[in-house]
Structure formats: structure tokens, C-alpha cells
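Visitor: So that we are looking at the same thing, I have put the structure below in C-alpha cells.
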Amino acid sequence: MTKLRLAIVGAGPAGIYAADILLKHERAFDVSIDLFEQLPAPYGLVRYGVAPDHPRIKGIISALREVLDRGDIRIFGNVLFGRDITLDDLKKHYNAVIFSTGAIRDADLDIPGIGLPGSYGAADFVSWYDGHPDFPREWPLDSSSVAVIGNGNVALDAARMLAKHADDLLPTEIPANVYDILKASPVTEVHVFGRRGPTQVKFSPLELRELGELRDVDMIVHDEDFEYDDAARAAIASNKQIFVIDKVFTKWREEGVEGASRRLHLHFYAKPLEVVAGPDGRVASFRYERTRPDGAGGVEGTGEIRSVDVGQIYRAVGYFGSPLDGIPFDERRGVIPNHEGQVLAEDNEIMPGVYATGWIKRGPVGLIGHTKSDAMETVQHLVNDQSSWWSPADPSEESVVALLEERGVEFTDLDGWHKLDQHEIALGAPHERARIKVVPRDEMVQISRA
Ligand SMILES: Cc1cc2nc3c(=O)[nH]c(=O)nc-3n(C[C@H](O)[C@H](O)[C@H](O)COP(=O)(O)OP(=O)(O)OC[C@H]3O[C@@H](n4cnc5c(N)ncnc54)[C@H](O)[C@@H]3O)c2cc1C
Numbered sequence: 003m004t005k006l007r008l009a010i011v012g013a014g015p016a017g018i019y020a021a022d023i024l025l026k027h028e029r030a031f032d033v034s035i036d037l038f039e040q041l042p043a044p045y046g047l048v049r050y051g052v053a054p055d056h057p058r059i060k061g062i063i064s065a066l067r068e069v070l071d072r073g074d075i076r077i078f079g080n081v082l083f084g085r086d087i088t089l090d091d092l093k094k095h096y097n098a099v100i101f102s103t104g105a106i107r108d109a110d111l112d113i114p115g116i117g118l119p120g121s122y123g124a125a126d127f128v129s130w131y132d133g134h135p136d137f138p139r140e141w142p143l144d145s146s147s148v149a150v151i152g153n154g155n156v157a158l159d160a161a162r163m164l165a166k167h168a169d170d171l172l173p174t175e176i177p178a179n180v181y182d183i184l185k186a187s188p189v190t191e192v193h194v195f196g197r198r199g200p201t202q203v204k205f206s207p208l209e210l211r212e213l214g215e216l217r218d219v220d221m222i223v224h225d226e227d228f229e230y231d232d233a234a235r236a237a238i239a240s241n242k243q244i245f246v247i248d249k250v251f252t253k254w255r256e257e258g259v260e261g262a263s264r265r266l267h268l269h270f271y272a273k274p275l276e277v278v279a280g281p282d283g284r285v286a287s288f289r290y291e292r293t294r295p296d297g298a299g300g301v302e303g304t305g306e307i308r309s310v311d312v313g314q315i316y317r318a319v320g321y322f323g324s325p326l327d328g329i330p331f332d333e334r335r336g337v338i339p340n341h342e343g344q345v346l347a348e349d350n351e352i353m354p355g356v357y358a359t360g361w362i363k364r365g366p367v368g369l370i371g372h373t374k375s376d377a378m379e380t381v382q383h384l385v386n387d388q389s390s391w392w393s394p395a396d397p398s399e400e401s402v403v404a405l406l407e408e409r410g411v412e413f414t415d416l417d418g419w420h421k422l423d424q425h426e427i428a429l430g431a432p433h434e435r436a437r438i439k440v441v442p443r444d445e446m447v448q449i450s451r452a
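According to our numbering, the sequence shown is numbered sequentially starting from 3.
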């Protein structure tokens, strides 16, 4: 029987689901899958993006773990595609590759002052509080008033983590350095800005409602943002999510404030104009233009300029994928150009043997569950394309191990991940915490390879 030797690059949910779907797929060939991951631990943004105080979502790791624990997929962690292994290497040892490298960096926001000291990308902040090994251990929380720009769930995550009392994060898996810095945080005012109206937000209702449940944090919304036009009323009547979101806002408006020590302000109809520096050259305020509904489902500027004093700005305007060596990249959308997961070369022709799935295929939108349907589509093409797979010179399973060892790559495997997992759980146990994450990469590798 023919055998498909498949490489998957990126062990986030998209890569793991793709492997699982292929193994369960009806097919007339055997399969052997190697999963390459640049980090010593798998699970991508479920481990390093989903907020630590969302244990239910983090729990998806258990389902992903079950797939890996079946033992029919080999993992090579701490292996960076483009440096430790290349496209030419993959062509030598595999019949095909699926890229599922996701997205980790912030999309740009093109306004003056966005590069000032004190202005950050929310993705960097997320990577810091989720203990990503490639990000600094320190985070300079040095201002009482901060702004978050964006009206999606990442903006809510960042705002919640900035407003929440550190002790309320203790039951979670946050690393010790993150707890210490949040515990000493001077932040009392968190301002969230969205360009459009309250019925046009991209928040999910659950995440929004959660803000109102934060201990000792008052939610502040402004009546002027709730003078609904016909389009807003129609959205509330026709869309269940918007209906619930409006109910949450209504409750906050009715309740008023309770004199909490921290406040989370939601500002709508606020188009970012400029981040303004103070005399020390650091972020001192945020200028925005008041907008209003344009009657066609969008907004238009009113010319009224407002400003709020803040010492830090976090832009949460989306994630963006990164290019991979030898693989086409759409610079505008931050994705690998593809047709239903079949990667397209510059001439728009399908590149034989090369596939994409997850956020790097579709762009950084959508929930973990969406990466499953993505993977189904990509895997279906891979199975159908058997006649155009690569013909590797050395498809043996040992050859890849030999290659990485020869290059001195300190790769980690499934056993190594189990060791790290147990180590983190043991670190948490005396403190009655589910786990405490190990952050430094060399420590992760050392524990995994012990
Ligand atoms: C802040 C935040 C919060 C979120 N919260 C939720 C939530 O509550 N619920 C929900 O359903 N979804 C949530 N999501 C969305 C969810 O995380 C994504 O849908 C999902 O992780 C995308 O999966 P992916 O596998 O495509 O990418 P990723 O999860 O990004 O995985 C990609 C993997 O590829 C690896 N990689 C990248 N480049 C290379 C390379 N060159 N070589 C080797 N490996 C590489 C990365 O290290 C990573 O492990 C959130 C996302 C973010 C950013």
C-alpha cells in the first residue's frame, strides 16, 4: 500500500486537527505524520493566546492532547521551520506538507504616535501574560490610566487583564512573574475605544458580560452612545448576539457605578486619530474623532475631536501572520495564498504538495472550532491530490531524526511534553493551582529533554 509521509508545520489546534482528521479519513493509503513546532510545547494560541482566566477554553487542550497521546503522530518541538528545517528538507523526506503556523503578531494601526514609548500591541501583551517564551519577562505597567483600541474579543481580553485584580488571577495558570507585575499594577482606569457603535461590536456576548462580573471594577458606558438609529434597532431585533450584547449594556446603564477602586470605560463612535507624546516623549494622551452612524451600516466623522489622558496605549486591531521561507505570502492579508488550503504560487497555480490550514490559511479571525472545518477542507484536497504529491528521496522516519541531530537541534517530543506538563502541574500543586507555566525556553527544553 502507498504511504503518505506528511509534515505538518505548527502544532496549534489547526495542525493537530488536520493530523487527526487525516488519520480518521477514509483513504487508500497509509499515513505517517510528523508535526513540527517552533515552541517546546504544543497547542499554539490555546496555550499562548487564550486568556488564563478562561479555563473552559484552555480545557480544549485536553481534547488536543488526546489526539497526540494516541501516539500515531510524532511531534518535533523546538524546531523552527526556515531555520532548523527547510522546504528542501521536507521535499527530501515527505510527500507533502501542511502549514498551520497561525499568527502571533499585531496588525498595524496607522496613526501618528503609534510607535511612541508606552504604545504596545495587544498581541505582545497577551504573549507576555500567557508566558510565551519568546517575549520579555517584564511588562512596564507604570500608569494609572491606559487605553485599549479595538472592539473585538482580544481588546476585551487585554482590557480585562489590565483591570482585574491580580489575586483574582491566582487560581489560573499565570506565571509567577506575571502575577507579581499585575499585583503591583497602578492601573485604575482602562478606556476601551471602538470606531463604531455598541450594536456593531465584534465582542462575543459571554466575554462582554464577564467584564461586569469583575470584582471591584465598575463598568462605565455613556448614554450618548446609546441613541440608537433604525439600523441599530434592526440589528438588535434580528441578531441574537447583538440582542444579548444590548441587554448587557442596558443592565450596566441601569445599574450605574458602585464606587469600585478600578473602572473600565467603554467608548463607542471613537475613531483613533493620534497618540500624543508628553514632554518626556512618552504616551500622554489619545486623540480621537467622534463618529456617528452614516445610515448605511457604517460610521462617518463628525469633526468633533476629543482626547483622554492615558500613559499607555494597547492596539487590539487584529493579529497578522508571518511569512515562511520559500512559501508564497500575501503581504496585505498576512496569509499564505491558497485555494481551499491548496497553496498558490505567484502565478496563481497550485503548488504541488504544499497546503495551508487554520489562521495562516484563512486569516486571524474565528474561534478554535473553526480551525476544524478548515482542516477538513485542506485534508480533503490533500487526499484527492495523491497524483501530485512529492516523491521524496528518503522517506524513512529515521532520516528526519538524523537530520535534526546532525544539525544540533535540541528537539522535544511527546514524552518531553508530558514531562513539562507534569512539571508545571507539580509547580502549581502546593499552591492549589492547576499549574504554573514554565516560561524560559531553555528551561522548558531542559525539563522536556531530561
Ligand atoms: C488573544 C486571543 C484569545 C483567543 N481566545 C479564544 C477563545 O477564548 N476561544 C476560542 O475559541 N478562540 C480564541 N482565540 C482564537 C484561537 O486561538 C485561534 O482560532 C486558533 O488558535 C488558531 O489556530 P491555528 O492552529 O491556526 O494557529 P495557532 O494557534 O497560532 O498555532 C500556530 C502554531 O504554529 C507554530 N509556528 C508558527 N511559525 C512556525 C514556524 N516557522 N515553525 C514551526 N512552528 C511554527 C506556532 O508556534 C503555533 O504553535 C483567541 C485568539 C487570541 C489571539
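Heads up, the beta-carbon is just placed ideally off N, CA and C, and yes, glycines get one too.
For Q448, tell me which candidate among A436, R435 and D417 has the shortest Cα-Cα distance.
Guide: For the purposes of this step, residue 448 is taken as residue 446 along the sequence shown, with counting starting at 1. Checked all of A436, R435 and D417; the closest Cα to Q448 is D417.
Visitor: Any heavy atom of ligand 1 closer than 7 angstroms to the CB of D477?
Guide: Summary: the structure shown does not reach residue 477, with the chain confined to residues 3 through 452, and so no result is reported for it.
Visitor: Have a look at L319 and F251 and give me their C-alpha separation to the nearest angstrom.
Guide: Against the sequence shown, residue 319 aligns to sequence position 317. Against the sequence shown, residue 251 aligns to sequence position 249. First, the residue type needs correcting, since residue 319 is Val and not Leu in the sequence shown. Their backbone Cα atoms lie some 22 angstroms apart in a straight line.
Visitor: Going along the chain, which unbroken runs of the alpha helix (DSSP H) with 4 or more residues stay wholly within the stretch 58-137?
Guide: List check, alpha helix (DSSP H) in window: 62-71, 89-95 and 124-131.
Visitor: Quick check on the burial criterion: 16 or more other C-beta atoms within 10 angstroms. Buried or exposed for K273?
Guide: Here residue 273 refers to the residue found at position 271 when the sequence shown is read from its first residue. Buried, by the Cβ-count rule.
Visitor: Out of L158, G123, G368 and F322, which has the shortest C-alpha to C-alpha gap to T103?
Guide: Counting from one through the sequence shown, the residue named residue 103 turns up at place 101. Nearest option by C-alpha distance: F322.
Visitor: According to DSSP, is Q314 part of a helix, a strand, or is it coil?
Guide: Translated into positions along the sequence shown, residue 314 becomes position 312. Note: Q314 maps to strand in three-state DSSP.
Visitor: Using the C-alpha atoms, what's the distance from I247 back to E302?
Guide: In the sequence shown, the residue the question calls residue 302 occupies position 300. In the sequence shown, the residue the question calls residue 247 occupies position 245. Each residue's alpha carbon lies about 23 angstroms from the other.
Visitor: Between which two residues does the beta strand (DSSP E) harbouring E291 extend?
Guide: Looking up residue 291 in the sequence shown gives position 289. Segment V285 to P295, the beta strand (DSSP E) holding E291.
Visitor: State yes or no: is the C-beta of M163 within less than 8 angstroms of the C-beta of Y131?
Guide: Position 161 of the sequence shown holds residue 163. Position 129 of the sequence shown holds residue 131. A contact, by the Cβ cut-off of 8 angstroms.
Visitor: Would F31 be called buried (16 or more neighbouring beta carbons within 10 Å of its own) or exposed?
Guide: In the sequence shown, the residue the question calls residue 31 occupies position 29. Exposed.
Visitor: On the CB-based measure, 16 or more other CB atoms within 10 Å of its CB, does H433 come out buried or exposed?
Guide: For the purposes of this step, residue 433 is taken as residue 431 along the sequence shown, with counting starting at 1. Burial call: exposed.
Visitor: Curious, which full-length beta strand (DSSP E) runs of at least 3 residues does the stretch 158-243 contain?
Guide: You should have 191-195 and 219-222.
Visitor: For P200 versus F270, is the C-beta distance shorter than 8 angstroms?
Guide: Working through the sequence shown from its first residue, we reach residue 200 at position 198. Working through the sequence shown from its first residue, we reach residue 270 at position 268. Yes, the pair counts as a contact, with Cβ atoms nearer than the cut-off.
Visitor: Sorted by chain position, which residues of the same chain lie with C-beta nearer than 7 angstroms to F413's C-beta, five sequence neighbours on each side aside?
Guide: Looking up residue 413 in the sequence shown gives position 411. Closer than 7 angstroms at the Cβ level, and outside the excluded window around F413, lie F78, G79, N80, V81 and L406.
Visitor: Would you identify the three-state DSSP class for L143, choosing helix, strand or coil?
Guide: For this step, residue 143 is matched to residue 141 along the sequence shown. DSSP places L143 in coil when its eight states are reduced to three.
Visitor: Closest to L275 by C-alpha separation, out of D22, D90, E68 and I151, would be which residue?
Guide: Within the sequence shown, residue 275 is the residue found at index 273, counting from 1. Out of D22, D90, E68 and I151, I151 has the C-alpha closest to the C-alpha of L275.
Visitor: Can you give me the C-alpha to C-alpha distance between L171 and A43, rounded to a whole angstrom?
Guide: Taking the first residue of the sequence shown as 1, we reach residue 171 at position 169. Taking the first residue of the sequence shown as 1, we reach residue 43 at position 41. The straight-line gap from Cα to Cα measures roughly 22 angstroms.
Visitor: Does DSSP put Q40 in a helix, in a strand, or in coil?
Guide: Translated into positions along the sequence shown, residue 40 becomes position 38. Coil at Q40, not helix or strand.
Visitor: Measure from the alpha carbon of I222 to the alpha carbon of each residue in A233, I75, F195 and S324, then state which is nearest.
Guide: Numbered from its first residue, the sequence shown carries residue 222 at position 220. Closest option to I222, Cα to Cα, is F195.
Visitor: Quick one: grab the DSSP three-state call for K363.
Guide: Start at 1 with the first residue of the sequence shown, and residue 363 comes out as number 361. In the structure shown, K363 sits in a helix (DSSP, three-state: H, G or I).
Visitor: Label V356 either buried or exposed according to how many other C-beta atoms from any shown protein chain fall within 10 Å of its C-beta, with 16 as the threshold for buried.
Guide: Numbered from its first residue, the sequence shown carries residue 356 at position 354. Buried is the call here.
Visitor: For the alpha helix (DSSP H) containing A404, list its first residue and its last residue.
Guide: Walking along the sequence shown from the start, residue 404 turns up at place 402. First-last of the alpha helix (DSSP H) with A404: E399 to E408.
Visitor: Expressed to the nearest angstrom, what Euclidean distance is found between the alpha-carbon atoms of G365 and D327?
Guide: Position 363 of the sequence shown, counted from the start, is the residue given in the question as residue 365. Position 325 of the sequence shown, counted from the start, is the residue given in the question as residue 327. Cα to Cα, G365 sits roughly 19 angstroms from D327.
Visitor: Less than 8 angstroms separating the beta-carbons of P295 and D231?
Guide: Position 293 of the sequence shown, counted from the start, is the residue given in the question as residue 295. Position 229 of the sequence shown, counted from the start, is the residue given in the question as residue 231. Yes.
Visitor: With 8 angstroms as the threshold, decide whether the Cβ of V277 is near any Cβ in chain B.
Guide: Within the model displayed, chain B is absent; a lone protein chain is all it includes.
Visitor: I need the straight-line Cα distance from R72 to L66, nearest angstrom please.
Guide: For the purposes of this step, residue 72 is taken as the residue at position 70 of the sequence shown. For the purposes of this step, residue 66 is taken as the residue at position 64 of the sequence shown. Rounded to whole angstroms, R72 to L66 spans 10 angstroms at the Cα level.
Visitor: Is the beta carbon of E215 within less than 7 angstroms of some heavy atom of ligand 1?
Guide: Taking the first residue of the sequence shown as 1, we reach residue 215 at position 213. Checking every heavy atom of ligand 1 against the Cβ of E215, none is found closer than 7 angstroms.
Visitor: If you draw a straight line from the C-alpha of Y4 to the C-alpha of G360, how long is it?
Guide: The residue labelled residue 4 in the question sits at position 2 within the sequence shown. The residue labelled residue 360 in the question sits at position 358 within the sequence shown. Before going further, note that residue 4 is Thr rather than Tyr in the sequence given. Rounded to the nearest angstrom, the two C-alpha atoms are 27 angstroms apart.
Visitor: Using the DSSP secondary-structure output, state which residues sit across from P330 in a beta bridge.
Guide: Position 328 of the sequence shown, counted from the first residue, corresponds to residue 330. According to DSSP, which records beta bridges pairwise, P330 is partnered with nothing at all.
Visitor: Could you spell out the range, first to last residue, of the alpha helix (DSSP H) harbouring A21?
Guide: Along the sequence shown, one-based indexing puts residue 21 at 19. Its alpha helix (DSSP H) spans residues P15 to K26.
Visitor: I'd like to check one pair, A9 with V99: are the Cβ atoms closer than 8 angstroms?
Guide: As a first step, residue 99 is located in the sequence shown; it is residue number 97 there, counting from the start. As a first step, residue 9 is located in the sequence shown; it is residue number 7 there, counting from the start. The answer is yes: Cβ separation under 8 angstroms.
Visitor: Starting from K273, trace the beta strand (DSSP E) both ways and give me its first and last residue.
Guide: Looking up residue 273 in the sequence shown gives position 271. Residues A272 to A279.
Visitor: Quick check on this structure: which residue in P354, P325 and H27 has the alpha carbon closest to the alpha carbon of S393?
Guide: What you label residue 393 is simply residue 391 of the sequence shown in a count that begins at 1. For the residues P354, P325 and H27, the minimum Cα distance to S393 belongs to P354.
Visitor: Tell me Y321's beta-bridge partners as DSSP assigns them.
Guide: In the sequence shown, the residue the question calls residue 321 occupies position 319. Note: Y321 sits in a beta bridge opposite D108.
Visitor: Hey, could you find the ends of the alpha helix (DSSP H) R443 is sitting in?
Guide: Within the sequence shown, the letter at position 441 stands for residue 443. Start and end: R443 to R451.
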